[in-house]
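Engineer:
Residue numbers (my numbering): 3 to 150.
#1: Just tell me which of 103, 58 and 35 has its CA closest to the CA of residue 70.
#2: Mind checking whether residue 107 and residue 142 have CB atoms under 8 Å apart?
#3: Tell me whether residue 99 is buried or exposed, calling it buried when 16 or more other Cβ atoms sit within 10 Å of its Cβ.
#4: In angstroms with no decimal places, state the Cα-to-Cα distance between residue 140 and residue 63.
#5: Who pairs with residue 104 in a beta bridge, going by DSSP?
#6: Where does residue 33 land, buried or exposed, given buried means 16+ other C-beta within 10 angstroms?
#7: Using the three-state DSSP reduction, which class does residue 62 fall into: helix, strand or coil?
#8: Could you tell me whether the region 43–52 touches the region 112–119, using the rule of 3 or more Cβ pairs below 8 Å?
#9: Which same chain residues end up closer than 6 Å to residue 88 when comparing Cβ atoms and leaving out the 5 residues on each side of it in sequence?
#10: Can you tell me whether residue 25 is helix, strand or coil according to DSSP?
#11: Leaving aside the five residues before and after residue 96 along the sequence, list all residues of the same chain whose C-beta is less than 7 Å from its C-beta, in chain order.
#12: Residue 125 and residue 60: beta carbons closer than 8 Å?
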């Protein structure tokens, strides 16, 4: 997924992380930023700086609740964007910061729904590749609401 437009935006997280189970999203929202010169763009861009709490999650299996953000005719894919917020309030409409979305690489296709769902997978941190989001969930699987 080419997401290099991330580098053109100065990030200021404005949206409040949702609900009772926003724990992982709240942790992911604690990242900082530093200006780094980017050769491709020819100017400085904001790059993520992960704190110790976030770094402790790297390559760990995590459980996250959120919304599928449909991209490129999404129906039942294994690669998609996942957001702490519904489509109308997400990063891609300018209502939230990049810390509220992650790339998903699912082990099995996940059927689209506009409802909130749970995913489990290995969290990968990205602080250097502007063609990808800051957070990537690999080998993700859909899980039923663990609270029930």
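Where is the CB? At the ideal position from N, CA and C, for every residue including glycine. No experiment lies behind these values; they were computed from the predicted model shown.
Structural biologist: Put simply:
#1: As a working mapping, residue 70 is identified with position 68 in the chain shown. When only C-alpha atoms are compared, the closest one is 103.
#2: To locate residue 107, count along the chain shown from 1; it is residue 105. To locate residue 142, count along the chain shown from 1; it is residue 140. Contact: yes.
#3: If you number the chain shown from 1, residue 99 lands on position 97. Flag for residue 99 reads buried.
#4: The residue labelled residue 140 in the question sits at position 138 within the chain shown. The residue labelled residue 63 in the question sits at position 61 within the chain shown. Approximately 9 Å between the Cα atoms of the pair.
#5: Mapped onto the chain shown, residue 104 falls at position 102. For residue 104, the pairing in a beta bridge is given by DSSP as 84.
#6: Taking the chain shown and counting its residues from 1, one reaches residue 33 at position 31. A residue is called buried once 16 or more other Cβ atoms fall within 10 Å of its Cβ, and residue 33 is buried on that count.
#7: Here residue 62 is taken as the residue at index 60 of the chain shown, counted from 1. Look at residue 62 here: in three-state DSSP terms it is coil, with no helix or strand label.
#8: By the criterion of at least three beta-carbon pairs nearer than 8 Å, the region 43–52 is not in contact with the region 112–119.
#9: Locating residue 88 in the chain shown gives position 86, counting from the first residue. Excluding positions up to five away in sequence, the list reads 69.
#10: The residue you call residue 25 lines up with position 23 of the chain shown. In the structure shown, the three-state DSSP call for residue 25 is helix.
#11: Here residue 96 is taken as the residue at index 94 of the chain shown, counted from 1. The beta carbon of residue 96 sits closer than 7 Å to none of the beta carbons in its chain outside the five residues before and after it.
#12: Position 123 of the chain shown, counted from the first residue, corresponds to residue 125. Position 58 of the chain shown, counted from the first residue, corresponds to residue 60. Yes, the pair counts as a contact, with Cβ atoms nearer than the cut-off.
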